[in-house]
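Chains as they are written, first to last, in my numbering: chain A, 1 to 415; chain B, 1 to 240.
We treat Cβ as the ideally placed atom computed from N, Cα and C, and that holds for glycine.
Please read all numbers here as calculations on a predicted model, not as lab measurements.
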């Protein structure tokens, strides 16, 4: 590795040395309690896929460049200099971690390997070895943020077509205004994804509840965060914050995307509006009687997969379960569940990469959980989880159907 | 020559060790508190207990280990509980603390069990690392630290046990008063190594024990033992 490159990487390493990172570098005793708590390790049992194995790659670099002990006695701490080998190790560590944070709840010190992998991802970007697809998607999102006016008309045309689907589903006389955009002082700004399903189903629900809402021009997914670029991640999130502030909305509702929800709700600091998941909003509508569902309409066995960023990292556990229990007669809980639920293996941007074989293997614990429930339908509330669960389903030949929560609700909406 | 080396380990090095320990910990904490905060929340759910209670419960009861490996949990608890008693025992070697004699006991407290529990626990931690997968994640520092702790505890335990249970008495019995005279003189910054210590045939072991303990103290801020301070801070982040 060239000296200039190593210096550049060293600089990045130091700029990321914030307060939590200092705890995570110094506190780990390598007790190994986290060793097999990662779904990837469960599927492919090698050290590189264990949380401590991943974190140690980053920790050894920090020890080399920011700790006197690592500088003076590198052998003692196994401190490592930047080089091609360590960059390869960083790639394997970072791009096998979904950031599900199951290891965090199983670490006696609460060490957040996901945060450490964020550093690894940024180092890979600077090294020029980050996955190109994610970097390009992040760049495209940034570009859209910079020149949104160019995209508006095209997007409105797409939305006009989708309004007809909403009209049909609700049996309304006309489609106009069923998916409002740029509506000032609306109560809710709904942030969707690129797929039509992420707009149509929530639009049906919002209209059924007679909500005063508006659709965002931006997609909720944050490829900057997935790629590990803090600047782009912040820019992409700020697009939504600025739009919500300009429209003076009271609440930003995030599509079924765990990471997008967590970024806005937990990682952007204090915001002038409330941030909710569409799951919480549906639950609220049912509780307030704003929408009704056909109770007990589904008799097939149904289970729910907690998206990690919504459940373990967002605290939304009971709302989706209560919604599902209203619709289905045979609800079956996975084991382990909630905070200890296994990640499906699709998060952290992994589902966007060409790594299907790896994801099928790392999805093994999820497959076993699903099979153990005997459910015929797996419901979840995250785009990445749905894609990955479908990969698991086809990879292992499971006889199950994977559904979005909004899809289940819309299919059984009592209008 | 040897007397100078022994004196160095018994007096200047002890001061140096405590200076490094306290200064090191303060430096570490200062660096942490002056470094950039994380602007968002790193919380995990569900949160069953309020923050201070939850942090204390996780730090002292180590439920993460209980759920995963009950034998490991047993040794973690045994080690840390014995370490707390070890600390109290050494306080009583400085002077008498009436409050600590609520349960009347002979100094050093624990009748030898404190050291034995510590040694067995350290040996467990040490040999655990010989086995896969812990072998793969261990670094030399992990073994060195455990060896250092074991040797310090082994010699300390020997000094205690020989004084307490040696049937012949006399030669190996360094009286508590000798330790108190030595340690209280250090605390008062008027250091002396009393003849009760220096003339004992066990003096070389006392010196070795103090020397190794000095190394342990100096390593605390710059090794993973700093988890004794940072564990609370990182666990707090998970509940913020």
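Our two residues, residue 295 of chain A and residue 412 of chain A, have alpha carbons roughly 8 Å apart in a direct line.
Residue-level contact check: residue 93 of chain A does not touch chain B, since none of the beta carbons of chain B fall below 8 Å from its beta carbon.
For the options B/77, B/127, B/2, the alpha carbon positioned closest to that of residue 117 of chain B is the one of B/77. Among the residues of the stretch 71 to 105 of chain B, none has a Cβ less than 7 Å away from any Cβ of chain A. Within chain A, the C-beta atoms nearer than 7 Å to that of residue 40 of chain B come from 266, 267, 268, 269, in chain order.
Burial check for residue 101 of chain B: the Cβ neighbour count within 10 Å stays below 16, so the residue is exposed.
By the rule that beta-carbons nearer than 8 Å mark a contact, residue 111 of chain A touches chain B. For residue 27 of chain A, a Cβ of chain B is located within less than 8 Å of the residue's own Cβ. For residue 305 of chain A, the three-state secondary structure derived from DSSP is strand.
Closest by C-alpha distance to residue 192 of chain B, out of B/3, B/5, B/11, is B/11. Counting only runs that start and end inside the stretch 2 to 33 of chain B, there is no beta strand (DSSP E) element of at least 3 residues.
Residue environment for residue 369 of chain A: buried (at least 16 other C-beta atoms within 10 angstroms of its C-beta). In chain order, 214 place their CB closer than 6 Å to the CB of residue 13 of chain B, counting only its own chain and leaving out the 5 sequence neighbours on each side. Bounds of the alpha helix (DSSP H) holding residue 235 of chain B are 227 to 237. Contact annotation, residue 179 of chain A with residue 162 of chain A: C-beta distance approximately 6 Å; criterion of less than 8 Å satisfied. Per DSSP, the unbroken alpha helix (DSSP H) holding residue 367 of chain A starts and ends at 364 to 373. Apart from sequence neighbours up to five positions away, the residues of its chain that approach residue 248 of chain A with a beta-carbon distance below 7 Å are 184, 185, ordered along the chain. Of B/20, B/92, B/4, the smallest CA-CA separation from residue 109 of chain B is found for B/92. Taking a C-beta cut-off of 7 Å against chain A, the contacting residues of the stretch 133 to 144 of chain B are 133, 134, 136, 137, 138, 139, 140, 141, 142, 144, listed in chain order.
Counting along the chain, residue 188 of chain A sits inside the beta strand (DSSP E) bounded by residues 188 to 192. For residue 83 of chain A, no CB of chain B lies under 8 Å from its own CB, so it is not counted at the interface with that chain. With respect to the C-alpha of residue 176 of chain A, the residue from A/188, A/156, A/189 having the closest C-alpha is A/156. Along the stretch 108 to 138 of chain A, the alpha helix (DSSP H) occurs as fully enclosed runs of 4 or more residues at 113 to 127, listed in sequence order.
The beta carbon of residue 325 of chain A sits closer than 6 Å to those of 331, all from its chain and outside the five residues before and after it, given in chain order. A distance of 8 Å or more separates the beta carbons of residue 9 of chain B and residue 139 of chain B. The beta carbon of residue 45 of chain B sits closer than 8 Å to some beta carbon of chain A. B/182 is the residue among B/182, B/47, B/189, B/199 whose C-alpha sits nearest the C-alpha of residue 210 of chain B.
With a threshold of 16 other beta carbon atoms within 10 Å, residue 365 of chain A meets it and is buried.
Residue 57 of chain A and residue 86 of chain A do touch by the CB rule: their CB atoms are close to 7 Å apart, below 8 Å. In this model, residue 187 of chain A and residue 205 of chain A are separated by some 15 Å (Cα to Cα).
Measuring C-alpha to C-alpha distances from residue 398 of chain A to each of A/363, A/410, A/406, A/384 identifies A/363 as the nearest.
For residue 56 of chain A, the enclosing alpha helix (DSSP H) stretches over residues 51 to 66.
Residues of the same chain with a CB within less than 8 Å of the CB of residue 62 of chain B, apart from the 5 flanking positions on each side, are 73, 76, 77 in chain order. Residue 57 of chain B and residue 237 of chain B have their alpha carbons spaced roughly 14 Å apart. Counting only the Cα atoms, residue 340 of chain A lies some 54 Å from residue 175 of chain B. Beta-bridge pairing by DSSP links residue 403 of chain A to A/379.
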